Amino acid sequence: MCQGRQGLTAGGQSAPAAADPAAVFTQASSEETQGPAGHDALPVSAIERRRVDQRFIGSCANGRLEHLGIAAVTVRGRKVASSYGCW
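FYI, the numbering for the sequence shown is 19 to 105, going by the working numbering.
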């Protein structure tokens, strides 16, 4: 049984969630999970002297509004030089 959340929640109300005991699998398959993709990651030593003239502040699909709030606090009161871009 799944550990952790034990129900469905919407609008502050919750309802118990349980599997249908009469449910049957029509097909079974086996998939291997993939590790994190390293195609766009470099060690800091490889880029530490590289000039950066554009920045983007955003979030991944699983990001939260609080994460953008942390970024906002970090840059509050600072200015972006006219030779740089920041989105």
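From the three backbone atoms N, C-alpha and C, an ideal C-beta is built for every residue, glycine too.
The structure presented is a predicted model; accordingly, all values stated were derived computationally and were not measured.
Membership of SER63 in the alpha helix (DSSP H) is indicated by the continuous run 62 to 65. Linking ALA99 to GLY53 through their CA atoms gives a straight-line distance of about 38 Å. Look at GLY87 here: in three-state DSSP terms it is helix. In the DSSP assignment, ALA33 falls within the beta strand (DSSP E) that extends over 31 to 34.
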